[in-house]
Amino acid sequence: MGPVLLQPKIAQCFSRSSFSGKETLYRWVFRCLELAIRKGELEAGFKLPPTRLLAEALGIARNTVKTAYEMLLSEGYIESRVGDGSYVAELPQDLINPGHKSKKARADLPLSEYAQQYISLPPLNSDIRKILQPGIPALRDFPLGQWKRCLSFASSFKALESFPPAGDLKLREQIVDYLLKFRGIEADPEQVLITSGSQQAAFLTAQLLLNKGEKVIVETPGFPGTSGVFSSLGCQIDALNMEEAVSIDSDARLINLTPSRNFPLGHTLSLSQRLKVVQWAEHNNSWVLEDDYDSEFAEGYPVSALLSICESDRVIYTGTFSRSMFPALRLGYMVLPPKLVTVFTRARRYMDGGLSQVVQVAMAEFMGQGFYSRHLKKMRQHYIKQADHMLKQIEKTSLSELALISAPGGMHLVLKLPDCIDDRAMVGELDKRGFGIRALSGYCQQGQSMNGLVIGFCVDKEEVIKPGIEEVASLYKALRDKA
1 MGPVLLQPKI AQCFSRSSFS GKETLYRWVF RCLELAIRKG ELEAGFKLPP
51 TRLLAEALGI ARNTVKTAYE MLLSEGYIES RVGDGSYVAE LPQDLINPGH
101 KSKKARADLP LSEYAQQYIS LPPLNSDIRK ILQPGIPALR DFPLGQWKRC
151 LSFASSFKAL ESFPPAGDLK LREQIVDYLL KFRGIEADPE QVLITSGSQQ
201 AAFLTAQLLL NKGEKVIVET PGFPGTSGVF SSLGCQIDAL NMEEAVSIDS
251 DARLINLTPS RNFPLGHTLS LSQRLKVVQW AEHNNSWVLE DDYDSEFAEG
301 YPVSALLSIC ESDRVIYTGT FSRSMFPALR LGYMVLPPKL VTVFTRARRY
351 MDGGLSQVVQ VAMAEFMGQG FYSRHLKKMR QHYIKQADHM LKQIEKTSLS
401 ELALISAPGG MHLVLKLPDC IDDRAMVGEL DKRGFGIRAL SGYCQQGQSM
451 NGLVIGFCVD KEEVIKPGIE EVASLYKALR DKA
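At the far end of the sequence shown sits residue 483, using full-length UniProt numbering, and the numbering has no gaps.
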């Protein structure tokens, strides 16, 4: 018997797309025929070859072709006529697409007002580690073996069977114990809501407590990701530095701040200033969203959290494990006033149902075994040593003429650049060389102007600090001499 010949139209269906092995054979047969029908190449009433004939021509099993035909039939592309075979069905004209849509048609996709807000925001920096990048912890000394054991424990059937929207109860209990011991916050586990981090906490807060057009006070300089969340939901942004924000006569509905350790400068609000914030919120029937950023790595004993020094029900506290553990963990928490627990938990249930239970149970075990507190203690000492090493290296270079304007501690330092050097341009050049140093001006908003370098010292290998600082200094000197 000679080779089986197919009709030209059918042969063309399979000639333009060879089987790659990345999909099942029957899916490939289905896709080739479906595409030809959708493109109008196999018109309504066209008779498909018998399954046996097509199988022989393609060198595949007949059952494979039969399965593809059954899929075409079930999706309405073909119809079966008893005793007469399979024919292409009559399809609505808008499904027949003989050509590709124009670029204009593809560009006219309707987007919501919220989507337009996101498009208007500048892109955020990536958390992919680069040289001397701020905000990313050193991972070489992370107790990976202990974490793996906790993950193994969390993978038991007992740990997997529950999925409370507020978060794993044991994790919430561990967080409450930790906050009381290290941050002076007294709370009940029912007040704790597990989140993916500070940005989700800000999103939930804005969505549930703010209306479009209402004003929000944010710090400047400050983290643009949080202010971007408020902007995306249609809030008006009033960006003020901490000295001004506590005394301004504002009708804002919410103030978002890092009172214990401002990002990126590391400054702390005094006790009187923090109390003024709470008084302002109570007087104006407004809210305080306290982001306790970086308090784990404050130099000396960290100042008390704002929530710990007041009994106000206007303060919402947020924290994250991403900086103290590792960025990919994406695990944080909120401490809510009792009257907000129900609405936040219900909204969370509708939003995404909650985060991975496995990760939450593992984190609870990691904290319960004492691994977390020991890890924090070790990393505090490690970061103090690395910061000291970086400052010594800076003193040996031309960077020593720059003022250090950040507070001690934390995970980075900030150097002030002279006005003759554009920090964004300098950081852009450093980025090309593999550095993750940030421009201080990138954290400023609404006309505030600060010019400097935000340099991370949390590195896996301390020996990268010296050559890294030397290269930054070399570029700075070249730009300074050229200015």
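All C-beta atoms, glycine included, are put in the ideal place defined by N, C-alpha and C.
Small disclaimer: the values here were computed from a predicted structure and weren't measured.
Where the beta strand (DSSP E) containing residue i begins and where it ends
i, result
"Ile421", "Per DSSP, Ile421 belongs to no beta strand (DSSP E) and is neither H nor E."
"Glu219", "Lys215 to Glu219"
"Asn241", "Asn241 -> no beta strand (DSSP E), and no H or E assigned at all."
"Leu193", "Val192 to Thr195"
"Glu290", "Trp287 to Asp291"
"residue 484", "One cannot answer for residue 484 here, as it falls past the ends of the chain, which runs 1 to 483."
Limits of the alpha helix (DSSP H) - the one that residue i falls within
i, result
"Tyr87", "First-last for Tyr87: Gly85 to Val88, but that is the beta strand (DSSP E), not the alpha helix (DSSP H)."
"Glu161", "Looking at the DSSP string, Glu161 is not in any alpha helix (DSSP H), and its letter there is neither H nor E."
"Val277", "Leu271 to Asn284"
"Thr205", "Ser198 to Leu209"
"Glu186", "Looking at the DSSP string, Glu186 is not in any alpha helix (DSSP H), and its letter there is neither H nor E."
"Val229", "Pro224 to Ser232"
CB of residue i within 8 angstroms of CB of residue j, strictly
i, j, result
"Lys416", "Leu402", "yes"
"residue 484", "Ile465", "Outside the shown range of the chain (1 to 483) lies residue 484, about which nothing can therefore be said."
"Pro408", "Glu299", "yes"
"Leu383", "Pro264", "The question names Leu, but residue 383 in the sequence shown is Tyr. No, they are not a contact pair."
"Leu355", "Val472", "no"
"Val88", "Gly135", "no"
"Arg38", "Ile96", "yes"
"Val343", "Leu254", "no"
"Gly332", "Gly319", "yes"
"Arg424", "Ser441", "yes"
"Ser250", "Ile237", "no"
"Ile437", "Ala483", "no"
"Leu306", "Arg274", "yes"
"Gln446", "Val341", "no"
"Phe142", "Phe297", "no"
"Glu219", "Leu257", "yes"
"Asp64", "Ala57", "Note that residue 64 is Thr in the sequence shown here, rather than Asp. Not a contact, by the Cβ cut-off of 8 angstroms."
"Gly410", "Ser304", "no"
"Ala68", "Tyr26", "yes"
"Val216", "Ala252", "yes"
"Pro189", "Val176", "yes"
"Ser20", "Cys32", "no"
"residue 493", "Leu42", "Residue 493 is absent from the model: the chain starts at 1 and stops at 483."
"Tyr178", "Met367", "yes"
Supposed close pair residue i, residue j - CB separation, criterion 8 angstroms
i, j, result
"Val335", "Arg314", "13 angstroms between Cβ atoms; not a contact."
"Ser80", "Leu73", "6 angstroms"
"Leu160", "Gln357", "6 angstroms"
"Ser138", "Val459", "Note that residue 138 is Ala in the sequence shown, not Ser. The Cβ separation is near 6 angstroms, so the contact holds."
"Pro49", "Gln7", "7 angstroms"
"Asp292", "Arg323", "No, Asp292 and Arg323 are not in contact; Cβ-Cβ is about 11 angstroms, not under 8 angstroms."
"Leu204", "Arg346", "At roughly 11 angstroms, the Cβ-Cβ gap does not stay under 8 angstroms, so Leu204 and Arg346 are not in contact."
"Phe371", "Gln146", "5 angstroms"
"Ile316", "Ile394", "About 38 angstroms; that fails the 8 angstroms criterion."
"Phe457", "Met351", "The Cβ separation is near 37 angstroms, so there is no contact."
"Gly225", "Leu124", "5 angstroms"
"Gly266", "Ser406", "5 angstroms"
"Lys47", "Gly85", "6 angstroms"
"Leu453", "Val414", "7 angstroms"
Residue i at chain C interface by Cβ criterion, 8 angstroms
i, result
"Phe230", "Protein chains in the displayed structure number just one, and chain C is not present."
### Task
Could I get the ranges of all uninterrupted alpha helix (DSSP H) runs contained in the segment 10-78, with 4 residues as the minimum, in chain order?
If only complete runs of 4 or more residues are kept, the segment 10-78 shows the alpha helix (DSSP H) at 25-38, 51-58 and 62-74, in order along the chain.
### Query
Which full runs of the alpha helix (DSSP H) of 4+ residues lie inside the segment 311-375, going along the chain?
With a minimum length of 4 residues, the continuous alpha helix (DSSP H) runs that stay inside the segment 311-375 are 341-351 and 357-368.
### Query
So, do the segment 346-365 and the segment 169-177 have three or more beta carbon pairs nearer to each other than 8 angstroms?
In short, these stretches touch, since the Cβ pair count reaches three.
### Message
Whether or not the segment 371-381 and the segment 223-233 are in contact is what I'm after, with contact meaning three or more pairs of Cβ atoms, one per stretch, closer than 8 angstroms; do they touch?
### Response
The count of Cβ pairs closer than 8 angstroms, one atom from the segment 223-233 and one from the segment 371-381, stays below three, leaving the stretches out of contact.
### Query
Do the segment 261-275 and the segment 141-153 make contact, defined as three or more Cβ pairs closer than 8 angstroms?
Note that the segment 261-275 does not touch the segment 141-153; fewer than 3 beta-carbon pairs, one per stretch, sit closer than 8 angstroms.
### Task
Decide if the segment 194-208 is in contact with the segment 294-312; the criterion is three or more beta carbon pairs, one per stretch, under 8 angstroms apart.
Taking a cut-off of 8 angstroms for Cβ pairs, the segment 194-208 and the segment 294-312 do not touch, as fewer than three such pairs fall below it.
### Message
Just to confirm the assignment: which complete beta strand (DSSP E) runs, minimum length 3, are found wholly within the segment 406-472?
### Response
Entirely contained in the segment 406-472, the beta strand (DSSP E) runs reaching 3 residues are, in chain order, 412-416 and 452-456.
### Task
Please specify which runs of the alpha helix (DSSP H), each continuous and at least 4 residues long, are wholly inside the segment 112-161, giving them in chain order.
Taking only runs of at least 4 residues, the alpha helix (DSSP H) segments lying wholly in the segment 112-161 are 113-120, 144-154 and 157-160.
### Query
Given 8 angstroms as the limit, is there contact between the segment 473-480 and the segment 425-440, that is, 3 or more CB pairs closer than that?
Touching, per the Cβ criterion.
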